[in-house]
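Engineer:
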Amino acid sequence: MKVKSVKKMFDLTGKVAVITGGGGMLGVRHAEAIAEAGGHAVLADLGKERVSSAARSITETFGVEAMGISVDITRKKEVERMVRKTVARFRRIDILINNAALTVKGGGEDSEKYFFPFEKYPLDLWERALKVNLTGMFLCTQAVGKVMARQGRGVVLNIASTAGVVGPDHRIYRNVRSPYSGKPFNTPVSYSTTKAGVINFTRYLATYWAHKNIRVNVLSPGGVYDGHDKTFVKNYSLRVPLGRMADRDEYKGAVLFLVSDASSYMTGANLIVDGGWTAW
Ligand SMILES: NC(=O)c1ccc[n+]([C@@H]2O[C@H](COP(=O)([O-])OP(=O)(O)OC[C@H]3O[C@@H](n4cnc5c(N)ncnc54)[C@H](O)[C@@H]3O)[C@@H](O)[C@H]2O)c1
Numbered sequence: 531m532k533v534k535s536v537k538k539m540f541d542l543t544g545k546v547a548v549i550t551g552g553g554g555m556l557g558v559r560h561a562e563a564i565a566e567a568g569g570h571a572v573l574a575d576l577g578k579e580r581v582s583s584a585a586r587s588i589t590e591t592f593g594v595e596a597m598g599i600s601v602d603i604t605r606k607k608e609v610e611r612m613v614r615k616t617v618a619r620f621r622r623i624d625i626l627i628n629n630a631a632l633t634v635k636g637g638g639e640d641s642e643k644y645f646f647p648f649e650k651y652p653l654d655l656w657e658r659a660l661k662v663n664l665t666g667m668f669l670c671t672q673a674v675g676k677v678m679a680r681q682g683r684g685v686v687l688n689i690a691s692t693a694g695v696v697g698p699d700h701r702i703y704r705n706v707r708s709p710y711s712g713k714p715f716n717t718p719v720s721y722s723t724t725k726a727g728v729i730n731f732t733r734y735l736a737t738y739w740a741h742k743n744i745r746v747n748v749l750s751p752g753g754v755y756d757g758h759d760k761t762f763v764k765n766y767s768l769r770v771p772l773g774r775m776a777d778r779d780e781y782k783g784a785v786l787f788l789v790s791d792a793s794s795y796m797t798g799a800n801l802i803v804d805g806g807w808t809a810w
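Here is the structure:
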C-alpha cells in the first residue's frame with residue numbers, strides 16, 4: 531500500500547486563499563501560515579492601506595503571490611467585486627477564511643457604547659454586529675462558494691470564538707480596561723451571539739455542500755494577548771488550564787490543518803483552540 535506523505539497533506543503550493551479581515555492581528559497570521567505552506571494569499575479588509583503593506587511583506591518573505599483588496603463585507607456589490615478581482619488574477623479560489631468581525635479593535639470601539647451593559651445595549655450596535663459577523667460572512671461565502679461549486683472543490687474556514695461556545699465569565703472583566711482605549715471593557719452580547727451563529731452557519735453549509743466537495747469548518751480561538759492590562763491577564767489566565775492567554779502565532783497550526791488536505795475527512799467541525807478554557 532502506498533504511504534501518504536504527511537508533508538504533502540499540509541502543502542498548499544499554488545492554492546489561492548481569500549482571507550477576510552486580512553489586515554487585522556490574526557488575519558495577517560492566517561495569511562502567513564498559508565503563504566509559508568506555498569499558497570497565494572488575498573488579504574481583504576476595509577481600506578486598501580490596511581492590507582497592501584501586509585501583502586507586500588508576505589510576497590517578500592515567502593515568495594508567493596499576495597494581494598490586498600479593499601472590501602466592506604457587509605456590501606454585496608463590494609464582495610462580488612472582491613471575488614471578480616481574485617478570479618481575474620488567479621483564475622480560482624481554493625480557500626476562504628471568513629475571519630473579519632466587529633471586534634473591540636476592528637470597529638467595536640469606534641462607538642462609545644460598545645461595552646454598555648445588556649439592559650442598555652444599543653440596538654444599532656447589536657445590528658451592526660449581526661451585519662458584519664453574520665451577514666458579511668453569508669455574503670462572502672455565497673460569492674466565493676459559487677466559484678468553488680463550479681470548480682468542484684473548495685475549503686471554507688469560519689472563525690468563531692470561545693465566546694460563541696460558552697457564556698462569558700463576566701467576573702474576569704471586573705475593574706479592567708480595554709487595552710486599546712482604556713475604557714472599562716467586557717464581551718458584548720452581540721459578539722457572543724453572532725459567534726455562536728457562525729458555528730451553526732458552518733454546520734449548515736458543511737452538510738449542504740458536502741456533495742460538491744466543499745468542506746466547511748470552524749475554528750474557535752481563545753483570547754490572544756495584545757497588551758491587555760495586568761489584572762485582566764491574571765483573571766483570564768486563572769480561567770485557563772494552560773494558565774495563559776494565546777500568543778498571536780498559536781493558531782497558525784490549526785489554520786493550516788483546517789485549510790489543507792490534512793483535514794480532508796473533516797467537515798462541519800468546530801476546532802476549539804483555547805488553552806483548555808472550555809474544558810472545565
Ligand atoms: N484576538 C482574539 O483574542 C480573538 C479570540 C477569538 C476569536 N477571535 C476572532 O478572530 C478574528 C480576527 O480577530 P483579530 O483579533 O485579528 O481582530 P482584528 O480587529 O485585529 O481584525 C478584524 C479585522 O476585521 C476587519 N473588518 C471589520 N469589519 C469589516 C468589514 N465590514 N469588512 C471587511 N473587514 C472588516 C477589521 O478592519 C480588522 O482588520 C475575528 O473573527 C475575531 O472575532 C479573535
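Residue numbering for the sequence shown follows our numbering, beginning at 531 and increasing consecutively. Every residue gets a Cβ at the ideal spot worked out from N, C-alpha and C, and that includes glycine.
In the DSSP assignment, find the unbroken alpha helix (DSSP H) run with methionine 539 in it and report its ends.
Structural biologist: The residue you call residue 539 lines up with position 9 of the sequence shown. In the DSSP assignment, methionine 539 falls within the unbroken alpha helix (DSSP H) covering 536-540.
Engineer: Would you check whether ligand 1 has a heavy atom nearer than 7 Å to the C-beta of asparagine 629?
Structural biologist: Residue mapping note: residue 629 aligns to position 99 of the sequence shown, counting from 1. Checking the Cβ of asparagine 629 against ligand 1 gives yes.
Engineer: Can you look up threonine 797 in the DSSP assignment and give me helix, strand or coil?
Structural biologist: Translated into the one-based positions of the sequence shown, residue 797 becomes position 267. Threonine 797: coil per DSSP, three-state reduction.
Engineer: Give me, in chain order, the residues of the same chain whose beta-carbon lies closer than 6 Å to that of glutamate 595; leave out the 5 immediate sequence neighbours on both sides.
Structural biologist: The residue you call residue 595 lines up with position 65 of the sequence shown. Counting only Cβ-Cβ distances below 6 Å, and skipping sequence neighbours, we find His570.
Engineer: Can you give me the Cβ contacts of arginine 778 inside the same chain, cut-off strictly under 7 Å, excluding the 5 residues immediately before and after it?
Structural biologist: Position 248 of the sequence shown, counting from 1, holds the residue named residue 778. These residues qualify, in order along the chain: Met555, Leu556, Arg559, Val754.
Engineer: Do you know how far the Cα of tyrosine 734 is from the Cα of lysine 725?
Structural biologist: The residue given as residue 725 occupies position 195 in the sequence shown. The residue given as residue 734 occupies position 204 in the sequence shown. If I take the Cα positions, the gap works out to 15 Å.
Engineer: Given 7 Å as the limit, tell me if arginine 580 has its C-beta closer than that to any heavy atom belonging to ligand 1.
Structural biologist: Within the sequence shown, numbered from 1, the residue matching residue 580 stands at position 50. Indeed, a heavy atom of ligand 1 lies less than 7 Å from the Cβ.
Engineer: Could you name the residues of the same chain whose beta carbon sits closer than 7 Å to that of alanine 659, not counting the 5 residues immediately before and after it, in chain order?
Structural biologist: Residue numbering aside, residue 659 sits at position 129 when the sequence shown is read from its first letter. The answer, listed in chain order, is Leu632, Ser720, Tyr721, Thr724.
Engineer: Return the chain-ordered list of same chain residues with a C-beta closer than 8 Å to the C-beta of valine 601, the five sequence neighbours on each side being excluded.
Structural biologist: For this step, residue 601 is matched to residue 71 along the sequence shown. Counting only Cβ-Cβ distances below 8 Å, and skipping sequence neighbours, we find Thr550, Ala574, Asp575, Leu576, Glu608, Val609, Arg611, Met612.
Engineer: What do you reckon, is the C-beta of proline 751 under 7 Å from a heavy atom of ligand 1?
Structural biologist: On the sequence shown, position 221 is the one that residue 751 refers to. Indeed, a heavy atom of ligand 1 lies less than 7 Å from the Cβ.
Engineer: Pairing CB atoms from the segment 764-774 with CB atoms from the segment 732-748, are three or more of them under 8 Å?
Structural biologist: no
Engineer: Would the beta-carbon of aspartate 602 be found less than 7 Å away from any heavy atom of ligand 1?
Structural biologist: Translated into the one-based positions of the sequence shown, residue 602 becomes position 72. At least one heavy atom of ligand 1 is nearer than 7 Å to the Cβ of aspartate 602, so yes.
Engineer: Apart from the five residues just before and just after threonine 692, which ones in its own chain have a Cβ nearer than 6 Å to its Cβ?
Structural biologist: Here residue 692 is taken as the residue at index 162 of the sequence shown, counted from 1. The answer, listed in chain order, is Ser750, Gly752, Asp804, Trp807, Thr808.
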